[in-house]
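Asker:
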Amino acid sequence: MKTLSRWFSRNLIRIYMVLGFGYLFVPVAYTFAFSFNDYIKSNLVWRGFTLNNWKQPCGVLDVCPALGNSIKIGLLATFIATILGTLIAFALGRYAFRGRAVTNTLIFLPMASPELVLGASLLTIFLNLGMNLGFWTIVIAHVMFCISFVVVTVKARIASLDPRLEQAAMDLYADEKETFRRITFPLVAPGIAGAALLAFSLSFDDFIITNFNSGTTITFPLYVYTHAERGLPAQANVIGSAMFFLALLIVVAGQIVGKKVKVGK
Amino acid sequence: MAAVVRSSGSTTSELKKKSLVPYLLLAPGLLWLALFFVAPIITLISTATKTPGAGIGEFVQTYRWANYWDSLVGASGQFGRSFLYATCATLLALAIAYPLAYGIAFKSGKYKNILLVLVVAPFFCSFILRTIAWKQILGQEGPLFRFLLDLHIVTPTTHLTATAPAVIVGLAYNFLPFMTLPLYGSLERIDPRVLEASGDLYSNAFTTFRKVTVPLSMPGVVAGTLLTFIPAAGDYVNAEILGNPNTKMIGNVINAQFLNTQDYPTAAALSFILMIGISILVMIYIRKAGTEELV
Numbered sequence: 564m565k566t567l568s569r570w571f572s573r574n575l576i577r578i579y580m581v582l583g584f585g586y587l588f589v590p591v592a593y594t595f596a597f598s599f600n601d602y603i604k605s606n607l608v609w610r611g612f613t614l615n616n617w618k619q620p621c622g623v624l625d626v627c628p629a630l631g632n633s634i635k636i637g638l639l640a641t642f643i644a645t646i647l648g649t650l651i652a653f654a655l656g657r658y659a660f661r662g663r664a665v666t667n668t669l670i671f672l673p674m675a676s677p678e679l680v681l682g683a684s685l686l687t688i689f690l691n692l693g694m695n696l697g698f699w700t701i702v703i704a705h706v707m708f709c710i711s712f713v714v715v716t717v718k719a720r721i722a723s724l725d726p727r728l729e730q731a732a733m734d735l736y737a738d739e740k741e742t743f744r745r746i747t748f749p750l751v752a753p754g755i756a757g758a759a760l761l762a763f764s765l766s767f768d769d770f771i772i773t774n775f776n777s778g779t780t781i782t783f784p785l786y787v788y789t790h791a792e793r794g795l796p797a798q799a800n801v802i803g804s805a806m807f808f809l810a811l812l813i814v815v816a817g818q819i820v821g822k823k824v825k826v827g828k
Numbered sequence: 012m013a014a015v016v017r018s019s020g021s022t023t024s025e026l027k028k029k030s031l032v033p034y035l036l037l038a039p040g041l042l043w044l045a046l047f048f049v050a051p052i053i054t055l056i057s058t059a060t061k062t063p064g065a066g067i068g069e070f071v072q073t074y075r076w077a078n079y080w081d082s083l084v085g086a087s088g089q090f091g092r093s094f095l096y097a098t099c100a101t102l103l104a105l106a107i108a109y110p111l112a113y114g115i116a117f118k119s120g121k122y123k124n125i126l127l128v129l130v131v132a133p134f135f136c137s138f139i140l141r142t143i144a145w146k147q148i149l150g151q152e153g154p155l156f157r158f159l160l161d162l163h164i165v166t167p168t169t170h171l172t173a174t175a176p177a178v179i180v181g182l183a184y185n186f187l188p189f190m191t192l193p194l195y196g197s198l199e200r201i202d203p204r205v206l207e208a209s210g211d212l213y214s215n216a217f218t219t220f221r222k223v224t225v226p227l228s229m230p231g232v233v234a235g236t237l238l239t240f241i242p243a244a245g246d247y248v249n250a251e252i253l254g255n256p257n258t259k260m261i262g263n264v265i266n267a268q269f270l271n272t273q274d275y276p277t278a279a280a281l282s283f284i285l286m287i288g289i290s291i292l293v294m295i296y297i298r299k300a301g302t303e304e305l306v
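Protein sequence lines, in the order shown, are assigned to chains A and B. Following the working numbering, the numbering of the first sequence begins with 564 at its first residue and continues without gaps. Following the working numbering, the numbering of the second sequence begins with 12 at its first residue and continues without gaps.
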């Protein structure tokens with residue numbers, strides 16, 4: 564009886580997991596499937612299989628410029644936010660200083676504020692300053708909300724380092740700079756890479772904050788949202804699916820490289 | 012996201028003590044946050060007390076603090092609905108994510124990392140696209156509706172989309188990874204010996220789960236529910252795509268006031284009230300749940 568119930572409970576979790584992942588992936592599978600739809604005007608009803616959408620991802624007006632904007636904004640925002648956030652993470656993880664509590668609060672608050680409030684308040688200040696909304700206001704906004712996530716991710720990595728490794732380097736007559744360059748930084752680097760990936764995906768997928776501060780600039784999520792009413796072309800599904808597989812590829816490749824580096828050492 | 016609960020940091024005593032270096036490291040990032048997070052919030056607070064001026068679309072600062080009250084009264088229905096929907100979505104997400112995180116932490120062996128990646132993976136397929144996909148899956152021409160129609164569970168006149176449950180399910184779906192990762196983070200750190208000890212002391216699997224596993228995973232539960240509740244309460248995309256005019260949340264109101272009506276004072280007042288409302292709820296919740304720092 565005990566083994567039976569144990570077997571049941573183990574499989575209950577398994578069944579539950581399958582259902583949970585099913586729930587997560589149903590819309591992704593749907594998006595992927597309908598990227599092959601031979602659609603006319605609106606991609607709502609299945610009309611037959613075609614590869615044309617994948618052959619011509621830019622075949623519809625405005626899709627690719629929007630995608631290009633998203634990538635450019637994502638890369639720029641990731642670059643700036645990763646540098647600024649990593650510097651803060653090192654300050655928090657490696658130094659004692661006055662104002663630590665204030666700094667922690669300032670990092671935490673943007674993550675704890677609804678995107679709507681972040682977007683709306685930025686729009687208010689941009690309007691008050693009479694700034695032109697567009698590419699750069701989106702970049703500013705994205706850097707702002709990405710910094711906190713970078714800090715938290717990199718800080719966690721720094722906190723998980725074994726302090727003995729740095730002590731060992733110092734014992735072997737490395738000065739502080741050399742210890743940082745040859746021990747600390749390489750050990751923190753995977754955390755920084757992870758933070759950058761997180762920042763890019765947050766920026767690339769952001770809709771609410773972007774919608775407030777975009778002016779006439781169109782990013783990919785804005786394109787999808789504005790075209791949803793009139794019927795979305797399957798090219799949007801192609802781009803969404805392609806980004807999904809590309810991201811999976813990067814993560815899996817990162818894991819394999821990470822393992823190899825570990826084995827190599 | 013797991014990092015949110017994980018990072019406790021080393022104690023201050025073992026950190027280097029230097030005067031200027033940390034401030035130089037902090038300066039650029041904190042300056043950015045001061046300019047583009049703190050200053051905008053202050054501008055928001057002051058914009059809320061402006062009143063219409065002479066010109067069309069012009070607002071003058073008159074420090075009319077009653078704007079806050081008027082806006083709150085005007086949108087109290089949507090406020091209530093937002094917090095109700097966000098609470099339901101958070102509970103639903105918790106119910107789905109807890110077994111998921113438990114399974115990944117304890118039952119997945121060498122597939123742990125792959126499953127973790129899979130939890131986050133849907134994020135990479137645009138959030139708007141996935142919400143639209145839900146609309147079409149649940150829609151009257153979608154596969155699920157037809158299947159339910161064949162089973163006589165629904166009639167041709169029933170709606171799955173454009174309902175409050177659809178909005179709630181959509182919200183729970185969108186923020187599920189935010190719930191799952193912190194839960195996994197705290198479950199994974201439970202020492203298996205503690206669970207064994209509980210078994211040795213004659214508690215059965217259920218008692219062990221209730222009295223050992225659940226209390227030890229509380230930090231993850233708190234972080235996960237906050238990371239789900241906060242964005243859900245301020246969301247308007249799900250209500251826009253999956254809802255109807257009677258399921259409008261406060262986000263829809265603020266969005267429309269800002270971008271369509273361009274009634275900036277009201278929109279600013281509502282945004283600030285939303286922020287304060289969420290902060291108060293979060294503080295009460297953290298008090299009750301009794302956890303320490305989250306960052």
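For every residue, glycine included, the Cβ atom is placed at its ideal position computed from N, Cα and C. Because the structure is a prediction, the values reported are computed rather than measured.
Anything in the segment 246-274 of chain B with a Cβ closer than 8 Å to a Cβ of chain A? List those residues in chain order, please.
Answerer: Within the segment 246-274 of chain B, the qualifying residues are Asp246, Tyr247, Val248, Ile252, Gly262, Ile265, Asn266, Phe269 and Leu270.
Asker: Contact criterion: CB-CB distance below 9 Å. Does Tyr195 of chain B meet it with respect to chain A?
Answerer: Taking Cβ atoms only, chain A never reaches closer than 9 Å to Tyr195 of chain B, which makes this a no.
Asker: Taking only three categories from DSSP, how would you classify Lys740 of chain A?
Answerer: Reduced to three states, the DSSP call for Lys740 of chain A is helix.
Asker: With distances taken from CA atoms, which of A:Ala722, A:Phe660 and A:Glu678 is nearest Ile52 of chain B?
Answerer: Measuring from the Cα of Ile52 of chain B, the nearest candidate turns out to be A:Glu678.
Asker: Under a Cβ-count criterion, where at least 16 other Cβ atoms within 10 Å of its own Cβ denotes burial, should Arg569 of chain A be classed as buried or exposed?
Answerer: Looking at its Cβ environment, which holds fewer than 16 other Cβ atoms inside 10 Å, Arg569 of chain A is exposed.
Asker: Cutting at 8 Å between CB atoms, please list the residues of its own chain near Arg663 of chain A, excluding the five before and the five after it.
Answerer: Here the set comprises Leu655.
Asker: Counting only the same chain and skipping the five closest in sequence on each side, list residues whose C-beta sits under 8 Å from that of Met694 of chain A.
Answerer: So the qualifying residues of the chain are Thr700.
Asker: Is there a Cβ of chain B sitting closer than 9 Å to that of Ile651 of chain A, yes or no?
Answerer: For Ile651 of chain A, the answer is yes, since a Cβ of chain B falls inside 9 Å of its Cβ.
Asker: Taking beta-carbon pairs under 9 Å, can you tell me which members of the segment 788-804 of chain A lie near chain B?
Answerer: Of all residues in the segment 788-804 of chain A, Tyr788, Ala791, Leu795, Ala799, Asn800, Ile802, Gly803 and Ser804 have a Cβ within less than 9 Å of some Cβ in chain B.
Asker: Does any CB atom of chain B fall closer than 9 Å to the CB of Thr780 of chain A?
Answerer: Chain B, which has no Cβ nearer than 9 Å to the Cβ of Thr780 of chain A, makes this no.
Asker: Within 9 Å of any Cβ in chain A, is that where the Cβ of Val178 of chain B sits?
Answerer: So no, Val178 of chain B is outside the interface.
Asker: Based on the DSSP secondary-structure assignment, which residues constitute the bridge partners of Phe70 of chain B?
Answerer: Answer is B:Pro63.
Asker: If you draw a straight line from the alpha carbon of Thr779 of chain A to that of Asn632 of chain A, how long is it in whole angstroms?
Answerer: Taking the straight line from one Cα to the other gives about 12 Å.
Asker: Can you list, in chain order, the residues of its chain with a C-beta nearer than 7 Å to that of Ile139 of chain B? Leave out the 5 residues immediately preceding and following it.
Answerer: Within the same chain, Ile139 of chain B has close Cβ partners Val248.
Asker: With a threshold of 16 other CB atoms inside 10 Å of the CB of Gln798 of chain A, please say whether the residue is buried or exposed.
Answerer: Buried, since its Cβ has 16 or more Cβ neighbours within 10 Å.
Asker: Along chain B, which residues have their Cβ under 8 Å away from the Cβ of Asn691 of chain A?
Answerer: Chain B residues near Asn691 of chain A: Thr54 and Thr58.
Asker: What separation, rounded to the nearest whole angstrom, lies between the Cα atoms of Ile284 of chain B and Gln730 of chain A?
Answerer: Roughly 50 Å between the two C-alpha positions.
Asker: If you run the structure through DSSP and keep just helix, strand and coil, what is Asn574 of chain A?
Answerer: In this structure, Asn574 of chain A counts as helix in the three-state DSSP scheme.
Asker: Alpha carbon to alpha carbon, how far is Leu258 of chain B from Pro176 of chain B?
Answerer: Here residue 258 of chain B is Thr; the residue named in the question, Leu, does not match the sequence. Going by the C-alpha atoms only, they are around 10 Å apart.
Asker: Around the C-beta of Thr773 of chain A, are 16 or more other C-beta atoms found within 10 angstroms, so that it is buried, or is it exposed?
Answerer: Buried is the call here.
Asker: Alpha carbon to alpha carbon, how far is Ile164 of chain B from Val131 of chain B? Give it in angstroms, no decimals.
Answerer: Distance between the alpha carbons of Val131 of chain B and Ile164 of chain B is about 33 Å.
Asker: By the three-class DSSP mapping on this structure, what secondary structure does Ile289 of chain B have?
Answerer: In the structure shown, Ile289 of chain B sits in a helix (DSSP, three-state: H, G or I).
Asker: Strictly under 9 Å for the Cβ-Cβ distance: is Lys123 of chain B near chain A by that measure?
Answerer: Chain A contact via Cβ: absent.
Asker: Can you find a CB in chain A that lies within less than 9 Å of the CB of Lys222 of chain B?
Answerer: No, Lys222 of chain B does not count as interfacial toward chain A.
Asker: What do you get for Gly114 of chain B, buried or exposed, if any count of 16 or more other CB atoms within 10 angstroms of its CB means buried?
Answerer: By the 10 Å Cβ count, Gly114 of chain B comes out buried.
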